[in-house]
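Working notes for the structure below.
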Amino acid sequence: MVLEDSLLITGASQLLTLGGRGPRRGDSLSNLGIINDGALLVRDGLIAAVGTRAEVEALPEARAVEKLDLGGRVALPGFVDSHTHLIHAASRAEEYELKIAGASYEEIARKGGGILNSVKKLRAATAESLKKRAAAALKQFAAYGTTTIEAKSGYGLDVASELKILRLHKELAAEHPLEIVSTFLGAHVVPEEYRKKAGGAEQYIKLIEQNLLPEIGEKRLAEFCDVFCDRGAFSVVQAKRILQAGRQWGLAPRLHAEQLSRTGAARLAILMRAASCDHLEHVNKSDIQALGKSETVATLLPGCNFHLGLKQYAPARALIGAGAIVALATDYNPGTSPTLSMPMILSLACTQLRMTPAEAITAATVNAAYSLGREKSIGSLEVGKQADIAVFEVADYREIPYYFGGNLCWMTVKRGRVIHAAEQV
Ligand code: NIG
Ligand code: FE
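Just so we're aligned, residue 686 is where the sequence shown starts under the working numbering, counting upward by one.
What follows is the structure in structure tokens.
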């Protein structure tokens, strides 16, 4: 009997299950749960069995199902990219040259470039063109082995444009196999039109509280509320108020924290039991200790430092040493990290953050899934979880970050369906 919608996957030289209790801290970041000559049985998009080839093939249900041989490649859970700014209208290549010539990110922002530049471009773009660009990006994410992304609004900064972005998240999620977790980042910066008037920031926060959040909450357009809490963006006091308002509408907090300067945003994230605080280049020793004891994930985004040419990366080793739940993400955005490649982020995590390949893979799967509240369904290859799988053209998992700059992802599977294949199989 051929069971409908079931698939037997064999031939993984290393099957990285990441099985076990998550989230991972300290030494447990290194435990990939590797099965040599591993196999998986998938039924209705979920993992029905996992083990060695001999174990899984011996199961009565494994007979006569559709088969897929990975030919000795390495298989692992699909990457969970827990921080992206998916919807934007265009690149900021013009600023890239200014940065190379020596202008800092903040100098460019002060002159009306930066986020406000992207806001202008997005407001002028049609929903259709934004959707087309984002759909192309989703294909690329899948091509690099990513099966779930978080996506933030934040380049609209008025009611119509922010809602346009959040509705696109929903539409894209319905039409594309990748899972999209929507985050409202209306508090990215104070928009231009509010900067000119006295009390403008206060008025913009009121717009978020009174006009945006009620609509987003009622229509369930986002799961999370994020704030860029930093010099030139929102203060800790403002961030707290916005996150509290978001929570009243059912949106869980997450934060851009300690990226350009130390503001105390990581402390706020911990205090508010935020799902995650992201960036953390400027945390101090006591922040590191506090993160080590908290449930708030420390999401590191080394693509930003690489793209901006900044030397001060987040202190990943100290965070891991303190026991923090470290995750990794691309921060795909046009201003600080225009990459959709999680393998590239793994390479940067290894060489710049001094994480081992195993720690980086755990941070990009199990811990990232936890930061999105999805630890029960994704992030590891265990019975009952979604069959979200990335297969790489390597024989040893360490070669995934080792070979940087290319794309060795051979196949990506989402809920048991092949969504990317490097060659016809
Ligand atoms: O995560 N820091 C704030 N937000 C983005 C950058 C946005 C931009 O420059 O367009 C980030 O780095
Ligand atoms: Fe970001």
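For glycine and all other residues, C-beta sits at the position ideal for the given N, C-alpha and C.
Cβ distance (whole Å) where residue i is taken to contact residue j below 8 Å
i: residue 875; j: residue 840; result: So it is not a contact: roughly 14 Å between Cβ atoms.
i: residue 1047; j: residue 710; result: Wrong, their Cβ atoms sit about 10 Å apart, outside the cutoff.
i: residue 1005; j: residue 714; result: 6 Å
i: residue 915; j: residue 944; result: 6 Å
i: residue 750; j: residue 693; result: 5 Å
i: residue 765; j: residue 1064; result: 6 Å
i: residue 1108; j: residue 1093; result: The Cβ separation is near 12 Å, so there is no contact.
i: residue 1068; j: residue 707; result: Actually they do not touch by this definition, with Cβ atoms about 15 Å apart.
i: residue 968; j: residue 755; result: With 8 Å as the limit, residue 968 and residue 755 do not qualify as a contact, their Cβ atoms being about 40 Å apart.
i: residue 745; j: residue 1073; result: Residue 745 to residue 1073, Cβ: 25 Å. No contact.
i: residue 952; j: residue 981; result: About 10 Å separates the two Cβ atoms, so there is no contact after all.
i: residue 838; j: residue 870; result: 5 Å
Cβ-heavy atom distance, residue i to the ligand NIG, below 7 Å
i: residue 799; result: yes
i: residue 861; result: no
i: residue 913; result: yes
i: residue 1097; result: no
i: residue 989; result: yes
i: residue 923; result: no
i: residue 803; result: yes
i: residue 1021; result: yes
i: residue 944; result: yes
Limits of the unbroken alpha helix (DSSP H) element including residue i
i: residue 724; result: Taken as a continuous stretch (DSSP letters only), residue 724 belongs to no alpha helix (DSSP H), being part of the beta strand (DSSP E) at 719 to 728.
i: residue 804; result: 800 to 809
i: residue 993; result: 987 to 993
i: residue 782; result: 778 to 785
i: residue 1032; result: 1027 to 1036
i: residue 978; result: 970 to 978
i: residue 826; result: 812 to 828
The beta strand (DSSP E) enclosing residue i, as first and last residue numbers
i: residue 946; result: Looking at the DSSP string, residue 946 is not in any beta strand (DSSP E), and its letter there is neither H nor E.
i: residue 850; result: Unbroken run through residue 850 is the alpha helix (DSSP H), 844 to 860; no beta strand (DSSP E).
i: residue 764; result: 764 to 766
i: residue 1099; result: 1094 to 1099
i: residue 1050; result: Careful: residue 1050 lies outside any beta strand (DSSP E) and carries neither H nor E.
i: residue 694; result: 691 to 701
i: residue 911; result: 909 to 914
i: residue 733; result: 731 to 737
Residue i: CB within 7 Å of a non-hydrogen atom of the ligand FE
i: residue 1018; result: yes
i: residue 770; result: yes
i: residue 992; result: no
i: residue 941; result: yes
Beta-carbon proximity check, residue i vs residue j, cutoff 8 Å
i: residue 783; j: residue 793; result: yes
i: residue 1027; j: residue 831; result: yes
i: residue 986; j: residue 770; result: no
i: residue 697; j: residue 723; result: yes
i: residue 932; j: residue 960; result: no
i: residue 1009; j: residue 983; result: yes
i: residue 873; j: residue 913; result: yes
i: residue 937; j: residue 964; result: no
i: residue 847; j: residue 897; result: yes
i: residue 760; j: residue 700; result: yes
i: residue 1040; j: residue 1034; result: yes
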